[in-house]
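Number of protein chains: 2
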Amino acid sequence: MNYSQVTSCICIPKAILLQPKTNWTSSKPGNERRAGHWTHVPRNVNMEGLRSGYLFPEISIREHEHIQKNPNARLIRLGIGDTTQPIPDIITTAMAEHADALSTTRGYRGYGAEQGNMELRMAIAETLYRGTGVKGNEIFVSDGAQCDISRLQMLLGSNVKVAVQDPSFPAYIDTSVIVGQSGKLEDKTGKYSDIVYMNCGAENNFFPDLSTTPRTDIIFFCSPNNPTGSAASWQQLEQLVDFAKRNGSIIVYDSAYAAYISDESPRSIFEIPGAKEVAIEISSFSKFAGFTGVRLGWTVVPEELKYSNGFPVIEDFNRIVCTCFNGASNIVQAGGLACLSRDGYQAVCNVVDYYKENAKILVEAFASLGLKVYGGKNAPYVWVHFPGMSSWNVFNEILEKTHVVTVPGRGFGPGGEEYIRVSAFSHRENMMEASLRMKKLFR
Amino acid sequence: MNYSQVTSCICIPKAILLQPKTNWTSSKPGNERRAGHWTHVPRNVNMEGLRSGYLFPEISIREHEHIQKNPNARLIRLGIGDTTQPIPDIITTAMAEHADALSTTRGYRGYGAEQGNMELRMAIAETLYRGTGVKGNEIFVSDGAQCDISRLQMLLGSNVKVAVQDPSFPAYIDTSVIVGQSGKLEDKTGKYSDIVYMNCGAENNFFPDLSTTPRTDIIFFCSPNNPTGSAASWQQLEQLVDFAKRNGSIIVYDSAYAAYISDESPRSIFEIPGAKEVAIEISSFSKFAGFTGVRLGWTVVPEELKYSNGFPVIEDFNRIVCTCFNGASNIVQAGGLACLSRDGYQAVCNVVDYYKENAKILVEAFASLGLKVYGGKNAPYVWVHFPGMSSWNVFNEILEKTHVVTVPGRGFGPGGEEYIRVSAFSHRENMMEASLRMKKLFR
């Protein structure tokens, strides 16, 4: 695979671009001729430590090959969790009006606060954190959760020890590798030597056994979980906060899927008393309001959270935000504010309900085949167990025989083996059709 | 100063929030009561190395104090370079239409490519890099130059040696400190021990003496320069590229003000033959199209640029962009594309011309007072010399006697002493009024 071909071809799914080219020294003849000059700048050793066979690119390659082999097949993509439903027009109208106003003397705005417009920060606090004690000035508006994960890693630096759920969303580990926290990738286990992997499988109800979990500085914890779809209960989060407090750890809590919670599970770590002393929360408008391409998120850093020397974490995070970021787009922030208005909030909840109904259809389809199915109730992801089987083999079989793209659980870490993740982000007719195909394949 | 008061008060200029609170252990009584729990997570030593008395916060504090003392004065802010003129409606309409379309099944878009829409990448290549050999796939669209500087620093890591112009835009050094490249701040010189400061003053025509400049891995170089307003000539940039090539260095070229060039100076480092083997270019729509609050920029990483082991830098940067970023807002990218249409480009150039006329007014005002004035011709900043005087004293005198906010040159590094920077980003009437007040003060 040739890098320049990949990046200049817009028809190939974006994720393919993630993959470093392994045969880079022997590629294009044209490049070789020009490649006479090498600088003396050393490649960052941390970058060398990143896995070369990354999950989503590998899926995209297989998807691409499948399309080549089956040009007439109607592919259904339930792999990457990408929203598909239109944004309610009360929200798009707010953004369009803000954009239009920028052409007027009265409506023009230059730089905003790096931390976000205070009106939006207050609205997030009042709408999504009511009763938790989280205040507007503790909310930092961003261009998305993934971006904030890397800014948090810049904040923390290389000298902290990190734990992640296994399986987990790859960005926690990858950014950990980039800033130099991870140690080496061990071929045998598929794990980085200095990262603690907290197994979260069906056997422990997708919640780590904290009695055997070693102390780390940082605990990345995603609930509702990507990929397992499991939401931690109030009691489980209480245990987690207690564990962090006893160990002097900081929980980095990812609540990007909180809007999908249907039961009594907390939607924020800050519903747990004492969490403000031990946790940071990262969240997003992406899956909550269909803002995957619009880009808006936020991070909560409580004033109570202190480093080991008593210095408030919020002050360093504020400095990072002001130095490494320059605020989310003012047009997009106007949309975020509209999402939190009474009518806007109702409208986005209706879209979330649509995806939740999709998830229900997937759960029923797989369950009807006698398979163990997890997730889907509190999350837009369904996590299906194929005991004793390789998740890549299951992925391949489903792709080949049904033309449905899923994600092999192994891609989220060793703990995802034997599982596949199926996304509920799609149009309803795709969901029905995919369910039918699955039933034909596995019946 | 109390952090929570600052961040919850939107009337205080944003930059004030940059300043770490120095007396944080003895602040709010309420906080002290709650501050029972300190985690055991060490504060990142790099964050401790950041200057506490940062430029813009200090200015904001003085501005704030001045307003308190002079509540009836009409303050004119020519400090922070923030655009003030409306965005041409051909561009805002494109953004509004894109936003509106997101509420339709046909127009909805989820995740885009992390690198940006290929149509926009191609348009940047064709409009702004014609004839340089820069291709669309070498352009990475971002949410702004400042954000890309920090992503580049994540890419480079702690094990590189860095040179900056002195004076220079503070973000290069601050991000260098955050990733651990800088060494310690030396009180005596005001310089970080491991950073090379390349003096750029009137005596060397604002271009460093490369014959005495030690080799570094990275050379941050901003042209047209912020703060001096000086644009490097073709011959100077040819020298710089040659210097980088001989030393095996990488130039990180910041061309955020390229649209302001009036003479024959290159608008991109890639106009210089051979630059693709030694340079990365960071640029922005902020000052070019009034997108300071809208947020859009780009970085060019040529395929020819290689690390010391021959590995292409573009592949690692691509990985960083895909892991630490998730693409610029699709609404905003639609605006960027409109800026590069024939009519859009003409419209934004007209706004640039407006600010250039402002700069001319400033240059004439200061020159008429017998002061040495630099910049203004190829940049929206005017750099005024007050020989033998402290730049902070000049700043204070101007503020107190004319109610005009400028920036003391010392804030951009030791090499900025004796100078002030005056921004041309303002309404015309402010420019005229500020000129009048200066003439009264210094005549």
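Chain order of the listed sequences is A and X.
By the count of my numbering, the first sequence reaches residue 443 at its end, each step adding exactly one.
By the count of my numbering, the second sequence reaches residue 886 at its end, each step adding exactly one.
Think of the CB as a built atom: it goes at the ideal place given N, C-alpha and C, for glycine as much as any other residue.
In this text, all values refer to a predicted model and were calculated from it rather than measured experimentally.
Supposed close pair residue 769(X), residue 147(A) - CB separation, criterion 8 Å: 6 Å
Unbroken alpha helix (DSSP H) run spanning residue 364(A), endpoints: 342-368
Straight-line gap, residue 249(A) to residue 265(A) (C-alpha atoms, nearest Å): 23 Å
Nearest residue (CA-CA) to residue 103(A), options 733(X), 481(X), 638(X), 558(X): If we check each option's Cα against that of residue 103(A), 733(X) comes out closest.
Amino acids of chain A, ordered along the chain, whose beta-carbon sits closer than 7 Å to that of residue 801(X): Simply none; closest approach about 15 Å.
CB contact check: residue 173(A) to chain X, cutoff 8 Å: no
Backbone secondary structure at residue 561(X) - three-state DSSP: helix
Alpha carbon of residue 181(A) to alpha carbon of residue 428(A), nearest angstrom: 42 Å
Ranges of the beta strand (DSSP E) found wholly within the segment 157-192 of chain A, counting only runs of at least 3: 162-166
Min CB distance residue 830(X) to chain A below 8 Å: Chain A, which has no Cβ nearer than 8 Å to the Cβ of residue 830(X), makes this no.
Close-in-space but distant-in-sequence residues of the same chain around residue 884(X) (CB under 8 Å, 5 per side omitted): 840, 841, 844, 845
Beta-carbon proximity of residue 577(X) to residue 558(X), cut-off 8 Å: no
Cβ contact (3+ pairs, closer than 8 Å) linking the segment 531-538 of chain X and the segment 772-789 of chain X: yes
DSSP state of residue 260(A) mapped onto helix, strand, coil: The DSSP-derived three-state label of residue 260(A) is helix.
Interface flag, residue 709(X) vs chain A, CB-CB below 8 Å: no
Closer than 8 Å to chain A by CB, residue 529(X): With a threshold of 8 Å between beta carbons, residue 529(X) makes contact with chain A.
Any C-beta of chain A under 8 Å from that of residue 696(X): Chain A contact via Cβ: absent.
Any chain X beta carbon closer than 8 Å to residue 146(A): yes
Chain A within 8 Å of residue 485(X), Cβ atoms only: Closer than 8 Å to some Cβ of chain A, the Cβ of residue 485(X) qualifies, so yes.
Secondary structure of residue 248(A), DSSP reduced to three states: coil
Residues, ordered as in the chain, of the segment 645-669 of chain X that lie near chain A by beta-carbon distance below 9 Å: 658, 660, 661
Secondary structure, beta strand (DSSP E): runs of 3+ residues fully inside the segment 273-300 of chain A: 279-284, 297-300
Distance CB(residue 650(X))-CB(residue 679(X)) smaller than 8 Å: yes
Contact residues within the segment 762-776 of chain X, judged by C-beta distance below 8 Å to chain A: 762, 763, 765, 766, 767, 768, 769, 770, 771, 772, 773, 774, 775
Residues that residue 696(X) bridges to, as DSSP identifies them: BP columns for residue 696(X) point to 664(X), 724(X).
The beta strand (DSSP E) enclosing residue 375(A), as first and last residue numbers: That run of the beta strand (DSSP E) goes 372-375.
Exposure of residue 259(A), with buried meaning 16 or more beta-carbon neighbours within 10 Å: buried
Residue 306(A) versus residue 313(A) - alpha carbon distance: Cα-Cα distance, rounded: 5 Å.
CB of residue 382(A) within 8 Å of CB of residue 388(A), strictly: no
Between the CA atoms of residue 597(X) and residue 317(A) - distance to the nearest angstrom: 16 Å
Residue 471(X) in three-state terms, based on DSSP: Only weak support is given to the placement of residue 471(X): the predicted model assigns it a pLDDT of 43, under 50, and the value that follows is read from those uncertain coordinates. Three-state result, residue 471(X): coil.
Where residue 141(A) sits in the DSSP three-state scheme: strand
Start and end residues, beta strand (DSSP E) containing residue 827(X): 824-828
Meets three-Cβ-pair contact criterion under 8 Å: the segment 795-803 of chain X and the segment 615-632 of chain X: no
Supposed contact pair residue 145(A) and residue 297(A) - C-beta distance, whole angstroms, cut 8 Å: 5 Å
Interface flag, residue 521(X) vs chain A, CB-CB below 8 Å: no
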